[in-house]
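*Asks:* In my numbering, the protein residues as written are 13 to 112.
Beta carbons are placed, not taken as given, at the ideal position from N, Cα and C, and that holds for glycine.
Keep in mind that this is a model prediction, so the values were computed, not measured.
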């Protein structure tokens, strides 16, 4: 997910960028046709249960070489992980990705 919604797979890692875009469009179609509303999790940027947000840019590749969309709600901590403790990890759930 970007600050402005979901994108297709990272272009540098996809075996086939065209197939990644096609596959994501088919997944969205199947979810909507079947009336499913899953919680979508990513390994890096959080989770959402908003299908419109998740598939906002399904036809665009996530390129690690392009300027990223600025997210003003994202904290800048310069990799300060002092609060990354076992206790904090077990304290509760992360909030969903929020639209800006």
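1) Looking at the secondary structure, which residues open and close the alpha helix (DSSP H) in which residue 33 lies?
2) Assuming residue 18 contacts residue 67 under a Cβ cut-off of 8 Å, what Cβ separation, rounded to an integer in Å, is found between them?
3) Taking all protein chains shown into account, do 16 or more other C-beta atoms lie within 10 angstroms of the C-beta of residue 51, making it buried, or fewer, making it exposed?
4) Go ahead and label residue 53 buried or exposed: buried means 16 or more other beta carbons lie within 10 angstroms of its beta carbon, across all protein chains shown.
5) Rounding to the nearest angstrom, what Cα-Cα distance links residue 57 and residue 73 in this structure?
*Replies:* To lay it out plainly:
1) Position 21 of the chain shown, counting from 1, holds the residue named residue 33. Its alpha helix (DSSP H) spans residues 29 to 45.
2) Sequence index remark: in the chain shown, residue 18 carries index 6 (1-based). Sequence index remark: in the chain shown, residue 67 carries index 55 (1-based). Sure, about 6 Å apart at Cβ, within 8 Å.
3) What you label residue 51 is simply residue 39 of the chain shown in a count that begins at 1. Result: exposed.
4) The sequence position of residue 53 within the chain shown is 41, counting from 1. Label assigned to residue 53: exposed.
5) Taking the first residue of the chain shown as 1, we reach residue 57 at position 45. Taking the first residue of the chain shown as 1, we reach residue 73 at position 61. Rounded to whole angstroms, residue 57 to residue 73 spans 16 Å at the Cα level.
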